[in-house]
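Position 222 (the sequence shown) corresponds to 222 in my numbering; numbering is contiguous. Using N, Cα and C, we set each Cβ at its ideal position, and we do this for glycine too. For reference, the structure discussed in these notes is given below.
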Amino acid sequence: MPRDPERLLNALLDALEPLLDEAPERVLAQIARAAPWLREEPEVLYLEALARWRVTGPASARAALERTVARDPEHADARHALGDLLGELDDRAGMIAQWLEVSRLDALTDRARGLGRAEVRARITRVAEEVLAGLPEELRERLRNVPVVLEPRPSRALVEDGFDPRALGLFEGPDDFQQRSVEAPPQPARIVLFAANLEASFPDPAELEEEVEVTVLHELGHYFGLDEDGVERLGLE
């Protein structure tokens with residue numbers, strides 16, 4: 001082991017991370033040339049897995065993700081990616097098991113990072129209200145009984161049902177067609193924004209506001225039963 005392993009590890013990570021999206025093959029080549037002890041570091045294994053996924057698909061990333069989690073059981077990003085991978089491989093039970101751990105680990109991280117501050121929640125609420133206020137009057141009328149509510153992250157019950165613990169939003173309840181077709185819908189409709197997920201993923205205030213707008217519009221599309229093109233035609237984007 002070298003005298004300053006942390007410096008060497010950080011130097012390798014700094015070299016690999018910018019290449020991941022544009023040149024994942026180069027990431028794999030650099031990792032292959034690294035010292036054996038570096039190749040087994042959890043963050044290096046994680047980047048290897050992401051690069052393999054980009055180059056040859058999810059199945060090839062599985063071993064590296066499993067080694068990442070084995071070496072660092074609290075690596076929430078690796079567990080989330082492994083859950084995604086298992087879902088793509090039709091292993092629903094495995095996906096849910098990983099995502100439940102992500103939900104637990106993220107909740108611990110929220111407390112440590114001080115997520116959920118009142119001013120951030122207020123910013124999310126303000127942007128959501130501005131999006132709704134900017135809709136055509138006819139659409140605002142059809143949304144009058146559909147509140148937008150904030151929750152920290154998806155509940156355990158949702159995750160147990162296969163819902164992504166890092167989702168940014170969710171539409172629940174009867175959609176617009178059902179609301180107008182059924183005399184008394186069995187449950188109220190609502191749009192949920194997961195404030196801690198939004199804040200954790202977009203710490204920059206300007207990026208956060210932009211993503212809140214995108215998320216609200218996405219969930220409105222679910223309510224109105226629209227695909228992305230339909231949302232655009234209605235002037236929601």
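Quick check on this structure: which residue in the options has the alpha carbon closest to the alpha carbon of residue i?
i: F171; options: A196, L143, E160; result: L143
i: D84; options: R62, P73, A70, V131; result: R62
i: E6; options: S60, V44, D227; result: V44
i: A122; options: G87, A189, V212; result: V212
i: Y223; options: E199, D204, V148; result: V148
i: D72; options: G173, D227, E101; result: E101
i: M95; options: E219, T215, P136, V159; result: V159
i: D204; options: E228, V120, G134, G221; result: V120
i: E130; options: R111, F202, G57, L217; result: L217
i: L13; options: I31, G57, L208, F202; result: I31
i: G57; options: E74, L86, T68, P36; result: L86
i: W99; options: L208, R111, E74, R113; result: E74
i: P36; options: P2, P18, T215, E17; result: P2
Measure the CB-CB distance between residue i and residue j and report whether it falls below 9 Å.
i: D164; j: P152; result: no
i: Y46; j: A64; result: yes
i: R166; j: D91; result: no
i: L193; j: L168; result: yes
i: W53; j: A93; result: no
i: A59; j: L89; result: yes
i: G173; j: R190; result: yes
i: L277; j: L8; result: Since the displayed the chain opens at 1 and closes at 237, residue 277 lies outside it and no answer follows.
Answer with buried or exposed for residue i, where buried requires no fewer than 16 other C-beta atoms within 10 angstroms of its C-beta.
i: P24; result: buried
i: R79; result: buried
i: Q187; result: exposed
i: E210; result: exposed
i: A206; result: exposed
i: V55; result: exposed
i: A195; result: buried
i: S103; result: buried
i: L108; result: exposed
i: N145; result: exposed
i: E141; result: exposed
i: N197; result: buried
i: A157; result: exposed
i: E22; result: exposed
i: A11; result: exposed
i: A118; result: exposed
Tell me which same chain residues have a C-beta within less than 6 Å of the C-beta of residue i, skipping the five on either side of it?
i: L28; result: A51
Give every residue of the same chain whose Cβ lies closer than 8 Å to the Cβ of residue i, excluding the five residues on either side of it in the sequence, and list them in chain order.
i: E225; result: Just to set this straight, residue 225 is Gly in the shown sequence, not Glu. Counting only Cβ-Cβ distances below 8 Å, and skipping sequence neighbours, we find D175, D176, F177.
i: E66; result: L82
i: A76; result: E101, V102, L105, D106, T109
In its own chain, which residues sit with a C-beta less than 7 Å from the C-beta of residue i, not counting the 5 before and 5 after it?
i: A200; result: L115
i: L150; result: R121, I124, T125, L193, A195
i: L20; result: V27, L47, L50, A51
i: F202; result: L208, E211
Using 8 Å as the Cβ pair cut-off and three pairs as the minimum, do the segment 119-137 and the segment 32-42 touch? The segment 119-137 vs the segment 32-42: no contact.
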